[in-house]
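Asks: Below you'll find the structure I mean.
Protein chains in written order, with the working numbering: chain A, 1 to 301; chain B, 302 to 602.
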């Protein structure tokens, strides 16, 4: 089998790379902590280190990268593409680093309200390839440091909203008074559920302090305070998102399995049970965009 | 003029003390950074250092303290008093440190939703003494690290909500991606107003990231990003509070003048113009509660 594409999901804190054959199957893969904030000797050196072996036999093997590598802090900036945008538009707006045989997928921007994504657009292209039934109309939830709720229509990203859920939890845990009672969540499912419930009963600004007050008044064990806070913040994300969209069914989850499980439970508490999940979307999306851009010899889009 | 009471507002990060005459007038006052987190050689030593000169002539001069000094991390815990509570109930639930001639005012707790205050109950007693028209029914806003919105009825605290506004702004500024564009607010009133407007158009979880996205998309100068964030978070507090109460007029503001000005502007953006303010509430409240407790010789409650 012959290598046909090097695909890179190059984010802020880590990097994943795949060597794909002409059918998009994974021949080899590599994970590295060399996210754009941790590259020490320049992007070109990191790129050579990670992909050099794959390019030894074929120095012209094309490479395609998505994620923060295309941000202003990355290797070369790929300006945001406006919504609506799908795989074809992304393929048409890639930027090139010809001396390295590398292309970079642009991020996507929404104007009103202002919002941006970088990396998720490629995962979405992958989700569309893996599950073509999403083309007509679908809602996706991509949990994480900055969760995204995405509306798809006619195979393109129509609009989206970023929730700083993961980062908000982390800064409150590590730096606010709400983190004084526990170092980490204790795995207390009941406290997590209570947090989800509190998020349904009231909004985040008015309920945040209850993560402390409940403990002070003896209503919750100090050790479970961060489980409650997690439920409260994830619940606030879901409650807010559902104020602006009314999905007929549970949205489709894309993300790390543990986080997908947590969000599936949370969505069920809001009446959206059995949310389906799609995995391996980044590599599928890079393959899809590379095909649309005719980066791969002998393949047609 | 004879000293009749030592009044102390003893908080987490600082302490204010007053020596009052038998009419409640300030004879002398003292400010100190010896909040309960910064006391090095014990509370008794700090108390003696701050009040010793006043007690020299009259070793039996009574003292009354409010604030975090009565918390579990303070000198002696004064358990929370349940709502509804007013100056009479607070006077009846004080705890004593007889060997120091000191009493401590308890905090106040609300059960559903769980919430607590410690120090504000005394400021509220002061506001009621300074403006008796608030007795029948009033809404108070006490901006700060943990802002409180308080409903008064028949001269007592009927209920309240804590908003972690000041702390939320601080941790996002210092520890999140939203603090990357500026070190401090730039005094950009227009950006602050835009933040207030965004808080009226959408909820906090769905709008928080706009503080970054607006800058990335060229809609706001990086230097003004924290002015916008301040408007957004204060606006989210007001929007949330107004979902649960419909004041006939602007609520009464209690707090530091700069913060009161900022909230007055913010309330005006929500249609609540010309919010009145009350100053010097802590010392007035301590005097009021001391009278109600008959701590002061020769005075009647």
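C-beta atoms are modelled at their ideal positions from N, C-alpha and C, and glycine is treated no differently.
Quick caveat, the model's predicted, so the values are computed rather than measured.
In the DSSP assignment, what residue or residues form a beta bridge with residue 283 of chain A?
Replies: Numbered from its first residue, the first chain carries residue 283 of chain A at position 283. DSSP, once it has assigned bridges, lists no residue as partnering residue 283 of chain A.
Asks: DSSP has residue 150 of chain A in a bridge; who is on the other side?
Replies: If you number the first chain from 1, residue 150 of chain A lands on position 150. Per DSSP, A:140 and A:160.
Asks: Which residues of chain B have a Cβ atom closer than 9 Å to the Cβ of residue 28 of chain A, listed in chain order?
Replies: By 1-based counting over the first chain, the position of residue 28 of chain A is 28. Correct list: empty, because the minimum Cβ distance to chain B is about 33 Å.
Asks: Chain A partners of residue 385 of chain B, CB-CB under 8 Å?
Replies: Numbered from 1 along the second chain, position 84 holds the residue referred to as residue 385 of chain B. Neighbours of residue 385 of chain B on chain A: none; closest Cβ ~16 Å, over 8 Å.
Asks: Closest by CA to residue 392 of chain B, which one among B:533, B:573 and B:365?
Replies: In the second chain, counting from the first residue as 1, residue 392 of chain B sits at position 91. Ranking the options by Cα distance to residue 392 of chain B, first place goes to B:365.
Asks: Could you compute how far the alpha carbon of residue 183 of chain A sits from the alpha carbon of residue 173 of chain A?
Replies: As a first step, residue 183 of chain A must be located in the first chain, where it is residue number 183. As a first step, residue 173 of chain A must be located in the first chain, where it is residue number 173. If you take the alpha carbons of residue 183 of chain A and residue 173 of chain A, they lie about 8 Å apart.
Asks: Between which two residues does the beta strand (DSSP E) carrying residue 331 of chain B extend?
Replies: Sequence index remark: in the second chain, residue 331 of chain B carries index 30 (1-based). Segment 327-333, the beta strand (DSSP E) holding residue 331 of chain B.
Asks: Going by the beta-carbon positions, is the gap between residue 461 of chain B and residue 504 of chain B smaller than 8 Å?
Replies: On the second chain, position 160 is the one that residue 461 of chain B refers to. On the second chain, position 203 is the one that residue 504 of chain B refers to. No, the pair does not count as a contact, with Cβ atoms beyond the cut-off.
Asks: Short of 9 Å Cβ to Cβ, which residues in the region 472-491 of chain B face chain A?
Replies: Those would be 472, 473, 475, 476, 477, 478 and 479, in chain order.
Asks: In angstroms with no decimal places, state the Cα-to-Cα distance between residue 510 of chain B and residue 162 of chain A.
Replies: What you label residue 510 of chain B is simply residue 209 of the second chain in a count that begins at 1. What you label residue 162 of chain A is simply residue 162 of the first chain in a count that begins at 1. Spanning the two alpha carbons is a distance of roughly 6 Å.
Asks: Where residue 284 of chain A and residue 9 of chain A are concerned, what is the direct C-alpha to C-alpha distance, given to the nearest angstrom?
Replies: Translated into the one-based positions of the first chain, residue 284 of chain A becomes position 284. Translated into the one-based positions of the first chain, residue 9 of chain A becomes position 9. Taking the straight line from one Cα to the other gives about 11 Å.
Asks: Here's a check: name, in chain order, each residue in its chain whose Cβ is nearer than 8 Å to the Cβ of residue 600 of chain B, leaving out the five neighbours to either side.
Replies: Walking along the second chain from the start, residue 600 of chain B turns up at place 299. Residue placement at residue 600 of chain B is flagged as unreliable, the pLDDT there being 48, under the threshold of 50; the coordinate-derived value follows with that caveat. Correct list, in chain order: 305, 323 and 592.
Asks: Mind checking which residues open and close the alpha helix (DSSP H) that includes residue 543 of chain B?
Replies: Here residue 543 of chain B corresponds to residue number 242 of the second chain, with the count starting at 1. Looking at the DSSP string, the run of the alpha helix (DSSP H) that includes residue 543 of chain B is 526-545.
Asks: Give the range of the beta strand (DSSP E) segment to which residue 317 of chain B is assigned.
Replies: Residue 317 of chain B sits at position 16 when you count from the first residue of the second chain. Run containing residue 317 of chain B: 316-322, per the beta strand (DSSP E) assignment.
Asks: Just the chain B side, please: which residues come within less than 7 Å of residue 216 of chain A by C-beta, in chain order?
Replies: Residue mapping note: residue 216 of chain A aligns to position 216 of the first chain, counting from 1. The contacting residues are 417.
Asks: Count the C-beta pairs between the region 28-37 of chain A and the region 133-144 of chain A that are closer than 8 Å, then say yes if the count reaches three, no if not.
Replies: The region 28-37 of chain A vs the region 133-144 of chain A: no contact.
Asks: Assign residue 472 of chain B to one of three DSSP states: helix, strand, or coil.
Replies: If you number the second chain from 1, residue 472 of chain B lands on position 171. Residue 472 of chain B: helix per DSSP, three-state reduction.
Asks: Counting Cβ pairs, one atom from each stretch, are 3 or more of them under 8 Å apart for the region 104-124 of chain A and the region 512-522 of chain B?
Replies: The answer is yes - the region 512-522 of chain B touches the region 104-124 of chain A, with three or more Cβ pairs under 8 Å.
Asks: Should residue 136 of chain A be labelled buried (16 or more other beta-carbon atoms within 10 Å of its own) or exposed?
Replies: Within the first chain, numbered from 1, the residue matching residue 136 of chain A stands at position 136. With fewer than 16 other Cβ atoms within 10 Å, it is exposed.
Asks: Using DSSP's beta-bridge definition, name the partner residues of residue 396 of chain B.
Replies: One-based indexing of the second chain puts residue 396 of chain B at position 95. Residue 396 of chain B pairs with B:405.
Asks: If I measure Cβ to Cβ from residue 543 of chain B and keep anything under 7 Å in the same chain, skipping five residues before and after, which residues do I get?
Replies: The residue given as residue 543 of chain B occupies position 242 in the second chain. Within the same chain, residue 543 of chain B has close Cβ partners 571.
Asks: Looking at residue 386 of chain B and residue 458 of chain B, is the spacing between their C-beta atoms short of 8 Å?
Replies: Looking up residue 458 of chain B in the second chain gives position 157. Looking up residue 386 of chain B in the second chain gives position 85. It is a contact, given that the beta carbons lie within the stated cut-off.
Asks: Suppose you measure from the CA of residue 471 of chain B to the CA of residue 370 of chain B; what does that come to, to the nearest Å?
Replies: The residue labelled residue 471 of chain B in the question sits at position 170 within the second chain. The residue labelled residue 370 of chain B in the question sits at position 69 within the second chain. So the two alpha carbons sit approximately 24 Å from each other.
Asks: What are the start and end residues of the beta strand (DSSP E) that includes residue 39 of chain A?
Replies: Taking the first residue of the first chain as position 1, residue 39 of chain A is located at position 39. It is not in any beta strand (DSSP E) - residue 39 of chain A carries neither H nor E in the DSSP assignment.
Asks: Can a CB atom of chain A be found closer than 8 Å to the CB of residue 520 of chain B?
Replies: Position 219 of the second chain, counted from the start, is the residue given in the question as residue 520 of chain B. Judged by the 8 Å Cβ criterion, residue 520 of chain B is in contact with chain A.
Asks: Would you call residue 297 of chain A buried or exposed, if buried means 16 or more other Cβ atoms sit within 10 Å of its Cβ?
Replies: Here residue 297 of chain A is taken as the residue at index 297 of the first chain, counted from 1. Exposed, since its Cβ has fewer than 16 Cβ neighbours within 10 Å.
Asks: I want to verify the contact list: residues of chain B whose CB lies under 9 Å from the CB of residue 204 of chain A, in sequence order.
Replies: Taking the first chain and counting its residues from 1, the one referred to as residue 204 of chain A is at position 204. What residue 204 of chain A touches in chain B: 504, 505, 506, 537 and 541.
Asks: Helix or strand or just coil, what does DSSP make of residue 248 of chain A?
Replies: Looking up residue 248 of chain A in the first chain gives position 248. If DSSP states are grouped into helix, strand and coil, residue 248 of chain A belongs with coil.
Asks: What residues are listed by DSSP as bridge partners for residue 6 of chain A?
Replies: In the first chain, counting from the first residue as 1, residue 6 of chain A sits at position 6. DSSP, once it has assigned bridges, lists A:19 and A:63 as partnering residue 6 of chain A.
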